[in-house]
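Trainee: Before we start, here is the structure in question, set down as structure tokens.
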Ligand code: PHB
């Protein structure tokens with residue numbers, strides 16, 4: 053599959069527009085799917101702090117599609133790739149364009165929670181299914197989940213919550229300092245941890261939410277952590293912010309003195325390679341590690357590594373599974389309502405992360421693993437220590 057910014061990917065036969073469904077405001081949305089082809093939007097960051105996550109999402113999706121000869125549900129797939137950028141001011145218009153101009157029948161992607169929240173209404177009104185391959189905002193698949201929004205990744209409070217009791221058991225009354233970027237995902241990731249940690253008797257020593265996307269110097273926050281007397285830190289950062297935070301944590305002298313715990317995004321994929329030794333010993337919770345020793349994951353890792361010469365990540369797996377669920381759903385569905393009905397009938401998904409299935413509100417019900425950054429064969433990996441929750 054070739055990809056470009058707004059790009060083409062397969063030549064398509066004359067597209068028969070089979071659904072001219074919802075009118076929203078003055079514009080009429082259409083979606084394009086035929087007996088043998090489907091037009092799909094891939095909305096991922098190609099710029100900004102989350103660009104590395106966008107690369108992994110594209111790769112995971114492409115790997116699955118290539119393995120099926122460019123087809124999903126026996127339909128030839130035309131992919132239109134759009135740049136989400138870092139924030140909603142770029143991501144929301146890019147998503148709208150996929151619906152209105154490109155007239156995709158279904159979309160996959162979205163990294164930033166705030167962007168995803170800004171797009172729910174548009175996809176719902178257009179009756180175009182959106183399979184979120186990262187953004188974790190709790191409300192996206194909460195009690196008021198939208199019929200057209202599904203998620204193959206996670207809900208923001210899950211990973212931190214899976215680790216709360218474990219961290220509480222390891223830290224004394226000096227407590228834990230919490231830190232994450234100041235936007236939807238940062239607050240929710242910390243809140244999930246905090247609830248489980250305090251329920252297990254843990255004490256919070258302080259909390260900070262540095263501005264998202266513009267903070268590159270964490271020294272003032274690290275100084276506050278040091279002054280607080282906290283015995284450990286719990287963090288959520290991803291992409292370029294994860295690299296800056298982990299490196300400065302070490303440079304400031306906190307690594308090895310105040311243990312750093314986090315959700316696994318802090319040490320996942322390309323960011324771990326950039327963090328280097330500064331990341332050794334960090335313990336995280338996540339629904340995946342490339343080190344999982346199962347037949348499905350071993351086969352996935354070997355196909356991915358052969359193609360891209362780097363290990364897959366949690367982001368690649370979410371996108372691989374998004375392609376996988378669409379492969380099943382598109383087999384007998386030609387309209388948005390039919391596609392979401394088919395998604396609702398899927399049972400267990402055999403994934404590199406382990407078996408999972410959609411909850412009633414469209415979020416994966418899945419295991420979380422405790423991981424630790426270790427050096428193995430001169431490479432840094434997120435070694436699996438044990439399963440935290442089933
Ligand atoms: C989010 O905005 O929901 C988000 C972004 C990056 C992550 C995890 C969650 O690694």
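In this note's numbering, the protein residues as written are 53 to 442. Beta carbons are placed, not taken as given, at the ideal position from N, Cα and C, and that holds for glycine.
1. Which residues in the same chain have their Cβ closer than 7 Å to the Cβ of residue 447, if we skip the five residues on either side of it in sequence?
2. Taking the C-alpha atoms as reference points, what is the distance between residue 227 and residue 248?
3. In terms of DSSP beta bridges, what is residue 161 paired with?
4. Do residue 188 and the ligand PHB come close, with the Cβ less than 7 Å from some heavy atom?
5. Pick out whichever of 236, 212, 129 has its Cα sitting closest to the Cα of residue 318.
6. If you run the structure through DSSP and keep just helix, strand and coil, what is residue 65?
7. Which one of 379, 172, 348, 335 has the shortest CA to CA distance from residue 287?
8. Identify whether residue 80 lies in helix, strand or coil by the three-state DSSP scheme.
9. Determine whether the beta carbon atoms of residue 364 and residue 125 lie at a separation below 8 Å.
10. DSSP puts residue 372 in a beta bridge; with which residues?
11. I need the DSSP call for residue 152, collapsed to helix, strand or coil.
12. By Cβ distance, which residues of its chain are closer than 7 Å to residue 349, with the 5 residues on each side in sequence left out?
13. My parser needs the alpha helix (DSSP H) runs of 4 or more residues fully inside the stretch 211-263; what are they?
14. How should residue 271 be labelled, buried or exposed, when 16 other C-beta atoms within 10 angstroms of its C-beta is the threshold for buried?
15. Looking at residue 237 and the ligand PHB, is the gap between the Cβ and the nearest heavy atom below 7 Å?
16. Quick one: does the C-beta of residue 290 sit closer than 7 Å to a heavy atom of the ligand PHB?
17. Considering only residues of the same chain and omitting the five flanking positions on each side of residue 98, which have a CB-CB separation below 6 Å?
18. With a threshold of 7 Å (Cβ to nearest heavy atom), would residue 317 be considered close to the ligand PHB?
19. Output needed for residue 220: all residues of its chain with C-beta closer than 7 Å, excluding positions within five of it in sequence on either side, in chain order.
20. At a threshold of 7 Å, does residue 415 count as lining the ligand PHB (C-beta to nearest heavy atom)?
21. Taking all protein chains shown into account, decide if residue 170 is buried (16 or more other Cβ within 10 angstroms of its Cβ) or exposed.
22. Going straight from the alpha carbon of residue 79 to that of residue 180, what length do you get?
23. How many Å lie between residue 137 and residue 145 at the Cα?
24. According to the neighbour-count rule (16 or more other Cβ atoms, all chains shown, within 10 Å of its Cβ), is residue 351 buried or exposed?
25. Return helix, strand or coil for residue 102, following the three-state DSSP convention.
26. Under three-state DSSP, which class holds residue 271?
27. Of the residues 293, 225, 261, which one's Cα is nearest the Cα of residue 236?
28. Specify the secondary structure class of residue 209 as computed by DSSP and reduced to three states.
29. Quick check on the DSSP output: the beta strand (DSSP E) that includes residue 332 runs from which residue to which?
30. If you check the beta carbons only, do residue 147 and residue 95 fall under 8 Å apart?
31. Under 8 Å Cβ to Cβ from residue 438, same chain only, skipping five residues before and after it: list those, please.
32. I need the DSSP call for residue 367, collapsed to helix, strand or coil.
33. With burial defined as no fewer than 16 other Cβ atoms inside 10 Å of the residue's Cβ, what is the status of residue 414: buried or exposed?
34. Less than 8 Å between CB atoms is the rule here; does residue 288 satisfy it with respect to chain C?
35. Does the beta-carbon of residue 420, which I'm using as the reference point, lie nearer than 7 Å to any heavy atom of the ligand PHB?
Mentor: So, from the data block:
1. Residue 447 lies beyond the residue range present for the chain, which begins at 53 and ends at 442; the question has no answer from this structure.
2. Counting from 1 along the chain shown, the entry for residue 227 is found at position 175. Counting from 1 along the chain shown, the entry for residue 248 is found at position 196. So the alpha carbons of these two residues sit roughly 14 Å apart.
3. For this step, residue 161 is matched to residue 109 along the chain shown. Partner residues in the beta bridge of residue 161, as assigned by DSSP, are 95, 184.
4. What you label residue 188 is simply residue 136 of the chain shown in a count that begins at 1. Within the cutoff, so yes.
5. In the chain shown, the residue the question calls residue 318 occupies position 266. Taking each of 236, 212, 129 in turn and checking the Cα distance to residue 318, the smallest one comes out for 212.
6. The count along the chain shown starts at 1 and reaches residue 65 at position 13. Because the pLDDT of residue 65 is 24, which lies under 50, any placement of that residue in the model is unreliable, and the number read from its coordinates should be weighed accordingly. Correct three-state label for residue 65: coil.
7. Counted from its first residue, the chain shown places residue 287 at position 235. Minimum Cα distance to residue 287 is reached at 335.
8. In the chain shown, counting from the first residue as 1, residue 80 sits at position 28. The predicted model places residue 80 with a pLDDT of 43, which falls under 50 and marks its position as unreliable, so this point remains unresolved.
9. The count along the chain shown starts at 1 and reaches residue 364 at position 312. The count along the chain shown starts at 1 and reaches residue 125 at position 73. Against a cut-off of 8 Å, the Cβ pair of residue 125 and residue 364 comes out as no contact.
10. Along the chain shown, one-based indexing puts residue 372 at 320. In DSSP, residue 372 forms no bridge with anything.
11. Counting from one through the chain shown, the residue named residue 152 turns up at place 100. Of the three classes helix, strand and coil, the one that applies to residue 152 here is helix, per DSSP.
12. Along the chain shown, one-based indexing puts residue 349 at 297. So the list reads 404, once near-sequence residues are dropped.
13. For the stretch 211-263, the full-length alpha helix (DSSP H) segments reaching 4 residues or more read 236-251 along the chain.
14. Mapped onto the chain shown, residue 271 falls at position 219. Classification of residue 271: exposed, given that the 10 Å Cβ count is below 16.
15. Here the question's residue 237 lines up with position 185 in the chain shown. Because some heavy atom of the ligand PHB lies under 7 Å away, the Cβ of residue 237 counts as near it: yes.
16. As a working note, residue 290 is residue 238 in the chain shown. Correct: residue 290 has its Cβ closer than 7 Å to the ligand PHB.
17. Your numbering for residue 98 matches position 46 in the chain shown. Answer for residue 98: 106, 135, listed in chain order.
18. Position 265 of the chain shown holds residue 317. Yes; taking the cut-off as 7 Å, the Cβ of residue 317 has a heavy atom of the ligand PHB nearer than that.
19. Translated into the one-based positions of the chain shown, residue 220 becomes position 168. 249, 252, 253, 254, listed in sequence order.
20. Here residue 415 corresponds to residue number 363 of the chain shown, with the count starting at 1. For the ligand PHB, not one heavy atom lies less than 7 Å from the Cβ of residue 415.
21. In the chain shown, the residue the question calls residue 170 occupies position 118. Buried: at least 16 other Cβ atoms inside 10 Å.
22. Within the chain shown, residue 79 is the residue found at index 27, counting from 1. Within the chain shown, residue 180 is the residue found at index 128, counting from 1. Note that residue 79 scores a pLDDT of 37, beneath 50, so its modelled location is shaky; the value from the coordinates is reported in the next line. Rounded to the nearest angstrom, the two C-alpha atoms are 15 Å apart.
23. Numbered from its first residue, the chain shown carries residue 137 at position 85. Numbered from its first residue, the chain shown carries residue 145 at position 93. Cα-Cα distance, rounded: 10 Å.
24. Walking along the chain shown from the start, residue 351 turns up at place 299. In this structure residue 351 is exposed. Its beta-carbon is surrounded by fewer than 16 other beta-carbon atoms within 10 angstroms.
25. Sequence index remark: in the chain shown, residue 102 carries index 50 (1-based). If DSSP states are grouped into helix, strand and coil, residue 102 belongs with coil.
26. Residue 271 sits at position 219 when you count from the first residue of the chain shown. The three-state secondary structure of residue 271, taken from DSSP, is helix.
27. Taking the first residue of the chain shown as position 1, residue 236 is located at position 184. With distances taken between Cα atoms, residue 236 lies closest to 261.
28. Along the chain shown, one-based indexing puts residue 209 at 157. Residue 209 falls in the helix class under three-state DSSP.
29. Here residue 332 refers to the residue found at position 280 of the chain shown. For residue 332, no beta strand (DSSP E) segment is defined, and its DSSP state is neither H nor E.
30. Residue 147 sits at position 95 when you count from the first residue of the chain shown. Residue 95 sits at position 43 when you count from the first residue of the chain shown. Between residue 147 and residue 95, the C-beta spacing is below 8 Å.
31. Taking the chain shown and counting its residues from 1, the one referred to as residue 438 is at position 386. Same-chain partners within the cutoff: 421, 422.
32. Indexing the chain shown from 1 puts residue 367 at position 315. Judged by DSSP in its simplified three-state form, residue 367 adopts helix.
33. Walking along the chain shown from the start, residue 414 turns up at place 362. Answer is buried; the Cβ neighbour count reaches 16.
34. Of the protein chains in this structure there is only one, and it is not chain C.
35. Indexing the chain shown from 1 puts residue 420 at position 368. No, Cβ of residue 420 sits at least 7 Å from all heavy atoms of the ligand PHB.
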